[in-house]
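Heads up, the thing below is written out as structure tokens.
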């Protein structure tokens with residue numbers, strides 16, 4: 003049964019319909035592609051992961067075929083269907099101009115923070131950064147540019163009911179030039195490890211600098227954030243590593259006058275320490291995901 007449309011339909015050579023696209027269908031369509039941009043392997047893997055999790059949703063985005071029947075848009079989705087082995091329901095549009103490539107994908111990319119805002123979450127940008135950190139930490143990917151899919155991030159948020167509280171608490175460190183998302187995640191992990199009270203104090207110290215004495219790793223971190231690391235450029239990786247060094251020291255009662263990132267391995271990359279509470283985070287996520 004056709005649903006009544008909001009606007010009167012007009013006759014057109016362009017038709018749109020919803021179809022279940024199997025991996026075999028994807029292969030067939032991919033064999034007849036118009037000249038296209040190079041597929042984004044990381045994006046394909048993220049889409050395939052969502053499909054395997056059952057998180058693929060029918061949206062207004064789908065597969066666009068031109069007047070010659072060639073795929074003009076949607077190759078990453080088709081590649082993900084093939085990779086996942088999962089049949090997915092998609093909108094299919096047929097009959098557009100073969101010159102449609104001139105106008106495709108000119109819009110603004112929708113970020114995880116945008117999706118969290120649409121879901122009604124407060125402090126969405128910080129929350130997105132915290133979810134990204136937790137996902138990367140769990141997978142041993144803190145040195146990687148990889149990011150979770152929306153479904154993977156929302157799965158963590160569904161388990162981590164107290165994470166928004168950690169986000170709210172961590173927002174006080176903004177003026178200290180620290181990453182609020184990173185410290186929200188670190189605070190959450192510390193709470194999982196039974197150190198929430200200490201983590202609360204540590205964030206307050208980082209935010210205000212009050213009552214900090216020589217040997218305090220938080221004082222050392224505040225000084226580093228204010229002055230940098232001398233001859234070294236303060237990159238995101240160096241800031242992350244230095245922040246974790248100081249945070250781990252504060253949570254374990256270790257004194258530090260200076261904090262700095264350490265290079266390791268033959269490639270000389272910054273060594274990202276294992277954040278305090280990582281084992282507790284992994285145990286928490288595995289327990290929450292168990293059927």
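In this note's numbering, the protein residues as written are 3 to 293.
Even for Gly, the Cβ is constructed at its ideal location relative to N, Cα and C.
>> Short of 6 Å in beta carbon distance, which residues of its chain neighbour residue 257, apart from the five on each side in sequence? Order them along the chain.
In response: Working through the chain shown from its first residue, we reach residue 257 at position 255. Within the same chain, residue 257 has close Cβ partners 217.
>> Going by beta-carbon coordinates alone, are residue 77 and residue 98 separated by less than 9 Å?
In response: Here residue 77 is taken as the residue at index 75 of the chain shown, counted from 1. Here residue 98 is taken as the residue at index 96 of the chain shown, counted from 1. At the C-beta level, residue 77 and residue 98 stay beyond 9 Å of one another.
> Which residues mark the beginning and the end of the alpha helix (DSSP H) in which residue 202 is found?
Replying inline: Taking the first residue of the chain shown as 1, we reach residue 202 at position 200. Counting along the chain, the alpha helix (DSSP H) containing residue 202 begins and ends at 198–210.
> Do you know offhand how far residue 197's Cα is from residue 278's?
Replying inline: Locating residue 197 in the chain shown gives position 195, where the first residue counts as 1. Locating residue 278 in the chain shown gives position 276, where the first residue counts as 1. Spanning the alpha carbons of residue 197 and residue 278 requires a straight line of approximately 10 Å.
> What is the DSSP secondary structure of residue 102, counted as helix, strand or coil?
Replying inline: Translated into positions along the chain shown, residue 102 becomes position 100. Residue 102 falls in the helix class under three-state DSSP.
> DSSP three-state call for residue 260: helix, strand or coil?
Replying inline: By one-based count along the chain shown, residue 260 stands at place 258. Note: residue 260 maps to coil in three-state DSSP.
>> DSSP has residue 68 in a bridge; who is on the other side?
In response: Your numbering for residue 68 matches position 66 in the chain shown. Bridge partners of residue 68: 98.
> Among 187, 96 and 264, which one has its Cα closest to the Cα of residue 69?
Replying inline: Within the chain shown, residue 69 is the residue found at index 67, counting from 1. Checked all of 187, 96 and 264; the closest Cα to residue 69 is 96.
>> Measuring only the C-alpha atoms, how far is residue 22 from residue 88?
In response: Along the chain shown, one-based indexing puts residue 22 at 20. Along the chain shown, one-based indexing puts residue 88 at 86. Cα to Cα, residue 22 sits roughly 10 Å from residue 88.
> Roughly how many angstroms lie between the CA atoms of residue 212 and residue 112, to the nearest whole one?
Replying inline: Walking along the chain shown from the start, residue 212 turns up at place 210. Walking along the chain shown from the start, residue 112 turns up at place 110. The straight-line gap from Cα to Cα measures roughly 40 Å.
> residue 152 to residue 273, Cα distance in whole Å?
Replying inline: Residue 152 sits at position 150 when you count from the first residue of the chain shown. Residue 273 sits at position 271 when you count from the first residue of the chain shown. The straight-line gap from Cα to Cα measures roughly 28 Å.
>> Taking the alpha helix (DSSP H) that residue 140 belongs to, which residues open and close that run?
In response: Taking the first residue of the chain shown as position 1, residue 140 is located at position 138. Segment 126–140, the alpha helix (DSSP H) holding residue 140.
>> Rounded to whole angstroms, what is the Cα-Cα separation between residue 93 and residue 44?
In response: Within the chain shown, numbered from 1, the residue matching residue 93 stands at position 91. Within the chain shown, numbered from 1, the residue matching residue 44 stands at position 42. Each residue's Cα considered, the two are about 23 Å apart.
> For the alpha helix (DSSP H) that contains residue 52, what are its first and last residues?
Replying inline: As a working note, residue 52 is residue 50 in the chain shown. Boundaries of the alpha helix (DSSP H) harbouring residue 52: 43–54, taken from the DSSP string.
> Nearest-angstrom Cα distance between residue 125 and residue 132?
Replying inline: As a position in the chain shown, residue 125 is number 123, starting the count at 1. As a position in the chain shown, residue 132 is number 130, starting the count at 1. Roughly 11 Å between the two C-alpha positions.
> Do you know offhand how far residue 163's Cα is from residue 20's?
Replying inline: As a position in the chain shown, residue 163 is number 161, starting the count at 1. As a position in the chain shown, residue 20 is number 18, starting the count at 1. About 36 Å.
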